[in-house]
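2 protein chains.
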Amino acid sequence: MAEKFNDPDIFAPGASILITGAYLNGRETDLVIDEAGTIAEITSGGTAKKGDSEFILDADGAILIPAFTNTHTHAAMTLLRGYADDMHLQEWLGEKIWPLEAHLTADDVYWGTKLACVEMIRSGTVAFNDMYFFMDAAARAVDETGMKAVLAHGFIDFSDPEKREAEIAATEGLIKTIKSMNNPRIAPAVGPHAPYTVSREALTWCAECAESEDILLHIHLSETEGEVDDCLEQNGMRPAQYLDSCGCLSERTVAAHCCWLDEEECRLMGERGVSVAHNPASNMKLAVGRAMPYQDLMDAGANVTLATDGCSSNNNLDMLEEVKFAALLQKFFWKSDTVLPADEALTMMTSSGARALGLGTGTIEVGAPADLVLLSRNTAANIPCYNPVSNIVYALSGAAVETTICNGRVLMYDREVPGEQDIYQRAAETAASLVRRKEESVE
Amino acid sequence: MAEKFNDPDIFAPGASILITGAYLNGRETDLVIDEAGTIAEITSGGTAKKGDSEFILDADGAILIPAFTNTHTHAAMTLLRGYADDMHLQEWLGEKIWPLEAHLTADDVYWGTKLACVEMIRSGTVAFNDMYFFMDAAARAVDETGMKAVLAHGFIDFSDPEKREAEIAATEGLIKTIKSMNNPRIAPAVGPHAPYTVSREALTWCAECAESEDILLHIHLSETEGEVDDCLEQNGMRPAQYLDSCGCLSERTVAAHCCWLDEEECRLMGERGVSVAHNPASNMKLAVGRAMPYQDLMDAGANVTLATDGCSSNNNLDMLEEVKFAALLQKFFWKSDTVLPADEALTMMTSSGARALGLGTGTIEVGAPADLVLLSRNTAANIPCYNPVSNIVYALSGAAVETTICNGRVLMYDREVPGEQDIYQRAAETAASLVRRKEESVE
Numbered sequence: 001m002a003e004k005f006n007d008p009d010i011f012a013p014g015a016s017i018l019i020t021g022a023y024l025n026g027r028e029t030d031l032v033i034d035e036a037g038t039i040a041e042i043t044s045g046g047t048a049k050k051g052d053s054e055f056i057l058d059a060d061g062a063i064l065i066p067a068f069t070n071t072h073t074h075a076a077m078t079l080l081r082g083y084a085d086d087m088h089l090q091e092w093l094g095e096k097i098w099p100l101e102a103h104l105t106a107d108d109v110y111w112g113t114k115l116a117c118v119e120m121i122r123s124g125t126v127a128f129n130d131m132y133f134f135m136d137a138a139a140r141a142v143d144e145t146g147m148k149a150v151l152a153h154g155f156i157d158f159s160d161p162e163k164r165e166a167e168i169a170a171t172e173g174l175i176k177t178i179k180s181m182n183n184p185r186i187a188p189a190v191g192p193h194a195p196y197t198v199s200r201e202a203l204t205w206c207a208e209c210a211e212s213e214d215i216l217l218h219i220h221l222s223e224t225e226g227e228v229d230d231c232l233e234q235n236g237m238r239p240a241q242y243l244d245s246c247g248c249l250s251e252r253t254v255a256a257h258c259c260w261l262d263e264e265e266c267r268l269m270g271e272r273g274v275s276v277a278h279n280p281a282s283n284m285k286l287a288v289g290r291a292m293p294y295q296d297l298m299d300a301g302a303n304v305t306l307a308t309d310g311c312s313s314n315n316n317l318d319m320l321e322e323v324k325f326a327a328l329l330q331k332f333f334w335k336s337d338t339v340l341p342a343d344e345a346l347t348m349m350t351s352s353g354a355r356a357l358g359l360g361t362g363t364i365e366v367g368a369p370a371d372l373v374l375l376s377r378n379t380a381a382n383i384p385c386y387n388p389v390s391n392i393v394y395a396l397s398g399a400a401v402e403t404t405i406c407n408g409r410v411l412m413y414d415r416e417v418p419g420e421q422d423i424y425q426r427a428a429e430t431a432a433s434l435v436r437r438k439e440e441s442v443e
Numbered sequence: 444m445a446e447k448f449n450d451p452d453i454f455a456p457g458a459s460i461l462i463t464g465a466y467l468n469g470r471e472t473d474l475v476i477d478e479a480g481t482i483a484e485i486t487s488g489g490t491a492k493k494g495d496s497e498f499i500l501d502a503d504g505a506i507l508i509p510a511f512t513n514t515h516t517h518a519a520m521t522l523l524r525g526y527a528d529d530m531h532l533q534e535w536l537g538e539k540i541w542p543l544e545a546h547l548t549a550d551d552v553y554w555g556t557k558l559a560c561v562e563m564i565r566s567g568t569v570a571f572n573d574m575y576f577f578m579d580a581a582a583r584a585v586d587e588t589g590m591k592a593v594l595a596h597g598f599i600d601f602s603d604p605e606k607r608e609a610e611i612a613a614t615e616g617l618i619k620t621i622k623s624m625n626n627p628r629i630a631p632a633v634g635p636h637a638p639y640t641v642s643r644e645a646l647t648w649c650a651e652c653a654e655s656e657d658i659l660l661h662i663h664l665s666e667t668e669g670e671v672d673d674c675l676e677q678n679g680m681r682p683a684q685y686l687d688s689c690g691c692l693s694e695r696t697v698a699a700h701c702c703w704l705d706e707e708e709c710r711l712m713g714e715r716g717v718s719v720a721h722n723p724a725s726n727m728k729l730a731v732g733r734a735m736p737y738q739d740l741m742d743a744g745a746n747v748t749l750a751t752d753g754c755s756s757n758n759n760l761d762m763l764e765e766v767k768f769a770a771l772l773q774k775f776f777w778k779s780d781t782v783l784p785a786d787e788a789l790t791m792m793t794s795s796g797a798r799a800l801g802l803g804t805g806t807i808e809v810g811a812p813a814d815l816v817l818l819s820r821n822t823a824a825n826i827p828c829y830n831p832v833s834n835i836v837y838a839l840s841g842a843a844v845e846t847t848i849c850n851g852r853v854l855m856y857d858r859e860v861p862g863e864q865d866i867y868q869r870a871a872e873t874a875a876s877l878v879r880r881k882e883e884s885v886e
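Here the protein sequences line up with chains F and B, keeping their order.
The first sequence: position 19 = 19 (the working numbering), numbered continuously.
The number in the working numbering is simply the position in the second sequence, starting from 1, with 443 added.
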């Protein structure tokens, strides 16, 4: 165990750390993180010296891998976890989710996002791509928890010019707020909700804004077959082609779902260098009827990543659960026992995810930001350990994560996240208050 | 926390226990377990007195539910976890799994089963239905861990009369051994592997043996489409009809997989009162191409239960992960956002599973064996808790299980399973030795 075990300073930003006895790519490894949060040295054979490191963190044989990036979620929807399930989509949205969301406040989003951050840290995620409302409050929550995030205001105008102006103002306001925070861990994005909820004019504005501000564009794309049919009818082309005609497909685009893309659309995604966020659990729960065409997208050169979606359609944020859903859903739907093998699945949630968000590398190498996870080998589902990558993808859940490090800062150590109990309590109270406000307004 | 916190005696069989402050069906509940391991009293409102109970176990608001039953596994295959994945089925079996299994010893099966038991206890499972080799050794492992199990020798004769005699002898030997243990927690079963690996003569013998010995019949059925085609070609009928013609379908039958049953076969399963074990993760990983027809089986009156299959095709034994796979796979494959709702999914893994194995009730009521699980509410994925059943099915993993009680005996308390570290070490050594023996034999 660490020399300064239980020293709360290990959680402080800017601490330099020597990790000893970690298991990396099949060998015992030591790793030095400098005060800037960068990986400064990687050695094997137990030769590392404490040197200038303030802390020694004895990994005790735990598996060291890059931390995870969740490329599509609505973090504050933790507050809606389990509020309604097992309903037809339109009833679920119209009678349950939207009426509750109508009562959301910035304070709700703050506590919902804090809860999401703790849940993600506990399961090894250090960065996420978020789209929701009251995103100033979400930014504050992310800032405090030490995670990385790309935050977008969910832009919906339903072709109403007045709504459009309000959404443009909200988007511009968020970009300004986040840029003024000057926190390298947090970036704004434009968040046009989807081709069917945002007008062509607004989509075009979003594409131009993303380019001029040099930020990401985060959008839902082809989640259901109905969207494709409607898009063909209204625009005479399929959704990806339509988005492309609005300038919305580029290397700065993260497109969530993409279940119903055809081969030509996959080629277009590859040509434009789009990042795709696969949300297998959500797609299964909502019975969308088709799995994202993983192999076609990979063959086309798209950047395929992994995501949980929000908690009302999943209902958790555990990327180690999600990666198993991805690897199994691809095999099942595409009738192939070899598609999306374990190593590619791990890449989706590490380096590909990091590449999509541009907030790290998702790799373990000297000079990279120290975004790291230590996974217990002392847990039943990780025994035996012939192939750590197989166990990570197929056997482990987020509960195997012992330590989570983001930009060199320890966010969880030995399963402890500072302040988590307070966050659980406040988030539970916030959820109860939200439902109470909604019920009182109905009476 | 418990009055005698850390008292190792709480793990002893025959301890009488008062559980206080548990959350059961929406209210704070106290529950008394007597020395016979039976639920003696259930009260609400904090009125319970310690009375004659040796121990007080303060549940501290944890959710109390029936413990889980895993109705189809090959427990000792924990030793093969992650040994080979992402291969075509026949190569995977022929080049990896079978050559390794050829070196299995009784000692290997003992330690593999011990590891499986710890993994199941840690994730809330108290009973399982096992089919493998060296089942005397498996019985010893189950006896020691305090779990319940139905154990079958995997019977395969490939229509070879000599093999058949040997398998009959092995089956009769196991039945005798287990009956002589006189342990009410452990029952033998006959285990004809599948209609395509066992001759009609042997299937008929198995059906008669199950009836005369009054034990279960555990079999694989219609996992792949190829099996159905072959059965039609060879026997002129579909697999369920063929099994029925051998006398193999009755209330004592547990049929695993059943992915490719047609409507008429589902009706037959219902008429015969068969229990069906759904293995969604395994079916997805092995790309079987169709999901078990849950609704047709339920409408027909079959007893539909939940199972993990063995660790080489899953790759863990976590029923709380499996239940999410079940609820989501059914929705996805059958294109319905309402099929297999959370309450039915929980029933599959509790009362329906217990009914299949006949080793408990899977319910919480006075007079029932105390097969109980306490689930933490102090964990991110269980906050908020509008609907505990939704959180159990869609949000939690086995890591939320704090305490597991089987027949009134505490098998895990506050995440501690006595002796687990030793079992991890011995199982890891056993797996390493197994692979070494296989590799040496190849050289």
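Heads up, the beta-carbon is just placed ideally off N, CA and C, and yes, glycines get one too.
Because the structure is a prediction, the values reported are computed rather than measured.
Using only CA atoms, which one of the options lies nearest to residue i?
| i | options | result |
| --- | --- | --- |
| B/A637 | B/A527, B/T588, B/G803 and B/Y685 | B/Y685 |
| F/S336 | B/A838, B/K539, B/S642 and B/M530 | B/M530 |
| F/D318 | B/V641, B/L839, B/L617 and B/G744 | B/L839 |
| B/F501 | B/H515, B/Y466 and B/T640 | Inspection of the sequence shows that residue 501 of chain B is occupied by Asp rather than by Phe. Considering only alpha carbons, the answer is B/Y466. |
| F/A187 | F/W205, F/M135 and F/A380 | F/M135 |
| F/L328 | B/P784, B/S756, B/I866 and B/D600 | B/S756 |
| F/E251 | F/V276, F/E264, F/W260 and F/E344 | F/V276 |
| B/I453 | B/E497, B/I485, B/D473 and B/T472 | B/E497 |
| F/V389 | F/A139, F/A342 and F/P369 | F/A342 |
| B/D495 | B/P509, B/E478 and B/D503 | B/E478 |
| F/D108 | F/T171, F/F333 and F/R426 | F/R426 |
At a CB-CB cut-off below 9 Å, which residues of chain F make contact with residue i?
| i | result |
| --- | --- |
| B/A870 | A380, I383 and P384 |
| B/M680 | Correct list: empty, because the minimum Cβ distance to chain F is about 26 Å. |
| B/E764 | E321, K324 and S397 |
| B/N830 | G82, Y83, A84 and D85 |
Just checking my contact of residue i with residue j at CB under 8 Å: how many whole Å lie between their CB atoms?
| i | j | result |
| --- | --- | --- |
| B/T807 | B/L461 | Checking the sequence, you will find Ile at residue 807 of chain B rather than Thr. Rounded, the Cβ-Cβ distance is 15 Å, inconsistent with contact. |
| F/A356 | F/N303 | 6 Å |
| F/D262 | F/R290 | Actually they are not in contact, since the Cβ atoms of F/D262 and F/R290 sit about 10 Å apart, beyond 8 Å. |
| B/A595 | B/V633 | 6 Å |
Run down chain F in chain order and give the residues with a C-beta less than 7 Å from the C-beta of residue i.
| i | result |
| --- | --- |
| B/S779 | A287 |
| B/L818 | Those within 7 Å of B/L818 in chain F number zero; the least Cβ separation is about 13 Å. |
| B/L461 | Per Cβ cutoff of 7 Å: no residues; B/L461 is ~27 Å from chain F at best. |
| B/A724 | L328 |
Should residue i and residue j be called a contact, given that it needs their Cβ atoms to be closer than 8 Å?
| i | j | result |
| --- | --- | --- |
| B/T847 | B/G457 | no |
| B/R820 | B/A505 | yes |
| F/A255 | F/V274 | yes |
| B/M590 | B/R628 | yes |
| F/N315 | F/G94 | no |
| F/K438 | F/L79 | no |
| F/D230 | F/Y196 | yes |
| F/V126 | F/C406 | yes |
| B/M792 | B/L749 | yes |
| F/I268 | F/D244 | This sequence places Leu at residue 268 of chain F; Ile is not what is there. Yes. Within cutoff. |
Would you mind telling me which residues of chain B sit closer than 8 Å to residue i, beta carbon to beta carbon, in chain order?
| i | result |
| --- | --- |
| F/P341 | D528 and D529 |
| F/N504 | Residue 504 of chain F lies beyond the stretch modelled for chain F, which goes from 1 to 443, so this question has no answer here. |
| F/D108 | Within 8 Å Cβ-Cβ: nothing; F/D108 doesn't reach chain B, min ~12 Å. |
Name, please, each residue of chain B whose Cβ falls closer than 7 Å to the Cβ of residue i.
| i | result |
| --- | --- |
| F/M284 | L771, L772, K774 and F775 |
| F/L89 | D780 |
Determine which residues of the segment 502 to 526 of chain B have a Cβ less than 8 Å from any Cβ of chain F, and write them out in chain order.
Going along the segment 502 to 526 of chain B in chain order, one finds T521, L522, R524, G525 and Y526 with a Cβ nearer than 8 Å to chain F.
Pull out every residue of the segment 558 to 592 of chain B whose Cβ sits closer than 7 Å to any Cβ of chain F, in chain order.
In summary, the residues of the segment 558 to 592 of chain B whose CB is separated from some CB of chain F by less than 7 Å are L558, V561, E562 and R565, in the order they occur in the chain.
Note down, in chain order, all residues in the segment 258 to 279 of chain F with a beta-carbon under 9 Å from any beta-carbon belonging to chain B.
Listed by position along the chain: nothing, the set is empty.
For the segment 841 to 870 of chain B, which residues have a CB atom closer than 8 Å to at least one CB atom of chain F, in sequence order?
Contact residues of the segment 841 to 870 of chain B toward chain F are G841, A842, E863, Q864, Y867 and A870 (C-beta to C-beta distance below 8 Å).
Which residues, in order along the segment 9 to 33 of chain F, keep a beta-carbon less than 8 Å from a beta-carbon of chain B?
Taking a C-beta cut-off of 8 Å against chain B, none of the residues of the segment 9 to 33 of chain F qualify.
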